[in-house]
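Read through the structure below, which is laid out as structure tokens, and then see the notes.
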DNA sequence: AAAATATTTAGTTATATTACAAAATAACAG
DNA sequence: CTGTTATTTTGTAATATAACTAAATATTTT
């Protein structure tokens, strides 16, 4: 007999929700090699406003996927756990065109 | 230099988006042992309407995560790839309370 | 201290998601 | 064929998300 607990998957689902946007998934992939990148790099590459990028980064941070490091005027982001790449690739391949 | 291609992550992100809802993540977990379950079992356990459950299942199916098998009046769902469980657990643990 | 740069926060609007009710299908039972 | 059961589809309303602009904050440069 299946049993559903309303709260059981709520926090976990946040992680997947955070990855469920093209821009955010792309950001995580850029960081997957363990390197860090600055907000302005993302803004330039994606072509959206700073404010929008900042929100996306906040969502990823809140999901526990990335952490930030402020140095001078710039903020650098990196993955909390760079081992995430193979996992993301494995899931990403599930979708058939 | 980072380079963003608008379409590159769109399909992949669909998979994560599909998992980014408590009910849907729970469904996938119930199927993770490779067993199949019928729609009515999910409806009973979660306590939402048939129509709503059907929509959730359609999203998971469209993401390529589950497939259905109609037998008589009932429809049974199972994972396309039961190996998904460790992957989901690995990602789900990322989130700090 | 004032100006400039990098980023975040707040407020707003368009769009997407979620859940429901009601109607439509499909398979089976009488 | 008629009614019943299981599920999907369609239409709708409430809520959430995503992008933008403008304002706020923090750090460096002048």
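Residue numbers (our numbering), protein chains in the order written: chain E, -18 to 78; chain Y, -18 to 78. The C-beta atom is built at its ideal place from N, Cα and C for all residues, glycine as well.
Does the region 14 to 24 of chain Y come into contact with the region 11 to 21 of chain E, if we say contact requires no fewer than three beta-carbon pairs (one atom in each stretch) closer than 8 Å?
no
Is it buried or exposed, residue 45 (chain Y), if we count other Cβ atoms within 10 angstroms and call 16 or more buried?
Along the second chain, one-based indexing puts residue 45 (chain Y) at 64. Buried.
Selection from Y:-3, Y:71, Y:72, Y:-12 that minimises the alpha carbon distance to residue 1 (chain E)
Translated into the one-based positions of the first chain, residue 1 (chain E) becomes position 20. The candidate whose alpha carbon is nearest that of residue 1 (chain E) is Y:-3.
Is it a yes or a no for the region 27 to 40 of chain Y touching the region 63 to 71 of chain E, going by three-plus beta-carbon pairs under 8 Å?
no
Environment of residue 48 (chain E) [buried if 16+ CB atoms lie within 10 Å]
Locating residue 48 (chain E) in the first chain gives position 67, counting from the first residue. Exposed, since its Cβ has fewer than 16 Cβ neighbours within 10 Å.
How would you label residue 3 (chain E), buried or exposed, when you count the other beta carbons within 10 angstroms and need 16 or more for buried?
For the purposes of this step, residue 3 (chain E) is taken as residue 22 along the first chain, with counting starting at 1. The residue is buried, with at least 16 neighbouring Cβ atoms inside 10 Å.
Residue 1 (chain E) at chain Y interface by Cβ criterion, 8 Å:
Within the first chain, the letter at position 20 stands for residue 1 (chain E). Taking Cβ atoms only, chain Y reaches closer than 8 Å to residue 1 (chain E), which makes this a yes.
Hey, is residue 62 (chain E)'s beta-carbon within less than 8 Å of any beta-carbon in chain Y?
Residue mapping note: residue 62 (chain E) aligns to position 81 of the first chain, counting from 1. Closer than 8 Å to some Cβ of chain Y, the Cβ of residue 62 (chain E) qualifies, so yes.
Does any C-beta atom of chain E lie closer than 8 Å to the C-beta of residue 17 (chain Y)?
For the purposes of this step, residue 17 (chain Y) is taken as the residue at position 36 of the second chain. Not an interface residue.
Residue 5 (chain E) - DSSP class collapsed to helix/strand/coil
Taking the first chain and counting its residues from 1, one reaches residue 5 (chain E) at position 24. Helix at residue 5 (chain E).
Whose C-beta lies closer than 7 Å to the C-beta of residue -1 (chain E) among residues of the same chain, with five residues either side of it excluded?
Here residue -1 (chain E) refers to the residue found at position 18 of the first chain. Same-chain partners within the cutoff: 5, 40, 41, 44, 46.
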